[in-house]
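Under the UniProt record's numbering, read the sequence shown as residues 1 to 410, first letter to last.
Beta carbons: idealized from backbone N, C-alpha and C, even for Gly.
Remarks on the structure that follows.
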Amino acid sequence: MTVKNVEVIGLGYIGLPTAVALAGAGLKVKGVDTNPTHVDAVNAGKVPFLEPGLDEALRAVHERGMISASTTPSEAEAYIISVPTPFKSNHEADLSYVLAAADEISPYVAKGALVILESTSPPGTTELMAERIEKNRPDLAGSLLFAHAPERVLPGRIMVEIFDNDRIVGGLTSEASEAARDLYATFCKGQIRMTNAKTAEMSKLAENSFRDVNIAYANELAKICEKLGIDVWELIELANLHPRVNILRPGPGVGGHCIAVDPWFIVDAAPELANLIRTAREVNDSRPDDVMAEVRTILSSLGWKEGDPVTLAALGLAFKPDVDDLRASPAITVAKKLAELPGASVLVVEPNVDELPSGLAGLPNVLLVSLEEALSGAAAVVGLVAHKQFKALDRNSIKVPVLDTCGIWR
Numbered sequence: 001m002t003v004k005n006v007e008v009i010g011l012g013y014i015g016l017p018t019a020v021a022l023a024g025a026g027l028k029v030k031g032v033d034t035n036p037t038h039v040d041a042v043n044a045g046k047v048p049f050l051e052p053g054l055d056e057a058l059r060a061v062h063e064r065g066m067i068s069a070s071t072t073p074s075e076a077e078a079y080i081i082s083v084p085t086p087f088k089s090n091h092e093a094d095l096s097y098v099l100a101a102a103d104e105i106s107p108y109v110a111k112g113a114l115v116i117l118e119s120t121s122p123p124g125t126t127e128l129m130a131e132r133i134e135k136n137r138p139d140l141a142g143s144l145l146f147a148h149a150p151e152r153v154l155p156g157r158i159m160v161e162i163f164d165n166d167r168i169v170g171g172l173t174s175e176a177s178e179a180a181r182d183l184y185a186t187f188c189k190g191q192i193r194m195t196n197a198k199t200a201e202m203s204k205l206a207e208n209s210f211r212d213v214n215i216a217y218a219n220e221l222a223k224i225c226e227k228l229g230i231d232v233w234e235l236i237e238l239a240n241l242h243p244r245v246n247i248l249r250p251g252p253g254v255g256g257h258c259i260a261v262d263p264w265f266i267v268d269a270a271p272e273l274a275n276l277i278r279t280a281r282e283v284n285d286s287r288p289d290d291v292m293a294e295v296r297t298i299l300s301s302l303g304w305k306e307g308d309p310v311t312l313a314a315l316g317l318a319f320k321p322d323v324d325d326l327r328a329s330p331a332i333t334v335a336k337k338l339a340e341l342p343g344a345s346v347l348v349v350e351p352n353v354d355e356l357p358s359g360l361a362g363l364p365n366v367l368l369v370s371l372e373e374a375l376s377g378a379a380a381v382v383g384l385v386a387h388k389q390f391k392a393l394d395r396n397s398i399k400v401p402v403l404d405t406c407g408i409w410r
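Rendered as C-alpha cells:
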C-alpha cells in the first residue's frame with residue numbers, strides 16, 4: 001500500500017516529530033490538534049516545545065509546503081492517532097482521548113484507509129478503536145485497515161531515534177500490518193517487525209515495565225543504603241564492575257508519559273498476576289516521601305524546627321535531564337512537598353521553562369529563579385534533575401548542605 005497523504009491526530013511530543021518525519025520522507029502531512037496554540041505554531045514553522053533537532057526539521061518541511069496543521073481533520077489515505085493515554089485515579093487506563101480521536105476522524109475516513117494507533121495503550125485498545133470507528137461508519141465495516149505502532153523514542157533524542165530505532169507494528173489483519181510497515185518504512189531506517197495488534201500493544205508496556213522494575217530496584221537500594229550509612233553511588237559503581245551487573249541510577253522517582261504510566265495498564269489488565277510490576281510502581285511512587293525524610297534530617301541537623309523560616313533550593317522540575325517535559329515529574333511532587341513544610345520558602349531552578357507549572361504557580365512561597373539566586377539564598381539545596389547546567393557547577397562551590405537525589409555530581 002502506497003500512501004501519499006497522512007493526517008496525524010495529536011501534535012505533542014510524539015505526534016509532531018512523527019508528522020515531520022513523514023513530511024521529510026515526501027508525504028503530504030496534516031497535523032490535527034485541539035490546542036490552537038500548537039496548530040498556529042506548526043503553521044508558522046515553529047515547534048511549541050523543546051526537542052533538539054525538531055525546529056530545523058519542521059522548518060525544512062514547512063518551507064517545502066509538506067506540512068500543515070488544523071483543529072479539524074479531513075479525508076486522508078492514512079491516519080496516525082497520537083494522543084494521551086493517562087490513567088484514572090484507580091489506575092485504570094483513560095481511553096477517552098483515543099475514542100474522541102476515533103470519533104473525530106470517523107466522518108472523514110474513506111474505504112481502504114489505514115488507521116494507526118500510536119498512543120501507548122492497554123492490550124485490546126486498537127480493536128476497541130476499530131469497533132468505535134466502524135460503529136460510527138457501518139458503511140465502511142470490513143474495508144478499513146487498523147494497526148498499532150508503539151513509539152519507542154526517548155525525549156531529548158527523538159529526532160535521532162525516530163529514524164534509527166527498530167519499530168514494531170501490529171495490525172488487526174496481516175494486510176493492516178503490512179500497510180503500517182510500508183508507511184513507517186518511508187522514514188524508519190531500523191528493522192520493522194510485524195505482529196498482531198495486541199502483542200504490539202503489550203510489547204511497549206513490557207519494555208517500560210521492565211525499566212520501571214529495574215529503577216525500583218535502584219531506588220530501593222538507595223533507601224537501604226541511606227539507612228545503613230552506605231554511599232549508594234559508590235556501591236552501584238563497584239557492583240557494576242561485575243560483567244553481568246548493570247544497576248541503574250536511583251532518583252527522586254519516575255516520571256514522564258511512559259514509564260510512570262504504562263505499568264499500570266498491565267496491572268489493570270491482570271491485577272491478580274502483576275504483583276512485581278505493581279510493587280515496582282509503588283516503590284517508585286513513594287520516592288518523593290523518601291526524599292522528604294532525608295530533607296527533614298538535613299534541616300534538623302541545622303537546628304530547624306517546624307515553623308521556623310527556612311529557604312530551600314530545588315534544582316530541576318522536568319521528568320528527565322535537559323528537556324522541558326514536566327509530565328508526571330517526581331521533581332514537581334518533591335517541590336510541592338518542600339513548599340508544604342511549615343515556614344519553608346522554595347526557590348525553584350528549571351532552566352528549560354519560563355514559568356512555574358500550574359501545581360506550583362499559585363503557591364506564594366515558591367519562586368522560579370536563576371541558579372545563582374537559588375544558591376545564594378538557600379539554607380539547603382535539593383538536586384532533583386541532572387540538567388547539564390547543574391552538572392557544570394562545581395559541587396564544592398556550594399557552601400550549604402546538598403541532597404543530591406539523582407547523582408548530579410557523581
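Residue j beta carbon less than 8 angstroms from that of residue i
i: R211; j: M194; result: no
i: R167; j: C188; result: yes
i: P200; j: P150; result: According to the sequence shown, residue 200 is Ala rather than Pro. It is a contact, given that the beta carbons lie within the stated cut-off.
i: T126; j: A101; result: no
i: I81; j: V98; result: yes
i: G10; j: D33; result: yes
i: R244; j: A218; result: no
i: V400; j: L315; result: no
i: E372; j: P342; result: no
i: T186; j: L27; result: yes
i: L22; j: V47; result: no
i: S329; j: V349; result: no
i: A57; j: G12; result: no
Opposing strand residues paired with residue i [DSSP bridges]
i: D404; result: G383
i: L117; result: I81 and H148
i: T186; result: DSSP lists no partner for T186.
i: G170; result: H148 and T195
i: L312; result: V346 and A380
i: S70; result: V32
i: V8; result: G31 and I80
Nonlocal neighbours in the same chain, by C-beta distance under 7 angstroms from residue i, ignoring five residues either side
i: E92; result: D268
i: G124; result: K198
i: K336; result: G359 and L360
i: L299; result: V310 and A380
Residue i, buried or exposed, once every other Cβ within 10 Å from all chains shown has been counted against 16
i: T71; result: exposed
i: V323; result: buried
i: S177; result: buried
i: residue 425; result: As displayed, the chain neither begins before 1 nor continues past 410, which places residue 425 out of reach and without an answer.
i: R296; result: exposed
i: V160; result: exposed
i: N35; result: exposed
i: A44; result: exposed
i: T37; result: exposed
i: D290; result: buried
i: P364; result: exposed
i: L326; result: buried
i: E234; result: exposed
i: G256; result: buried
i: K204; result: buried
i: H242; result: exposed
i: A130; result: buried
Contacting residues, own chain, Cβ-Cβ under 6 angstroms from residue i (five flanking each side not counted)
i: V3; result: E77, A78 and L183
i: A179; result: M1, L114 and L145
i: P263; result: S209, D212, I277 and R281
i: R395; result: W409
i: S68; result: K30
i: E294; result: L403
i: L356; result: L368
i: A274; result: I266 and V267
C-alpha gap between residue i and residue j, whole angstroms
i: T311; j: C225; result: 27 angstroms
i: S286; j: S119; result: 27 angstroms
i: E175; j: L338; result: 54 angstroms
i: L317; j: F49; result: 15 angstroms
i: D55; j: L367; result: 30 angstroms
i: I14; j: R152; result: 10 angstroms
i: L375; j: F390; result: 11 angstroms
i: G171; j: V353; result: 39 angstroms
i: I332; j: G253; result: 10 angstroms
i: A19; j: A110; result: 20 angstroms
i: S397; j: W409; result: 12 angstroms
i: E340; j: L228; result: 28 angstroms
i: V169; j: Q191; result: 11 angstroms
i: K88; j: E220; result: 26 angstroms
i: L154; j: P52; result: 11 angstroms
i: D308; j: V232; result: 31 angstroms
i: P73; j: V8; result: 9 angstroms
i: I162; j: C406; result: 27 angstroms
i: G251; j: A222; result: 9 angstroms
Nonlocal neighbours in the same chain, by C-beta distance under 8 angstroms from residue i, ignoring five residues either side
i: N246; result: N240
Beta carbon proximity, residue i to chain C, threshold 8 angstroms
i: G10; result: Absent from the structure is chain C; it holds one protein chain and no more.
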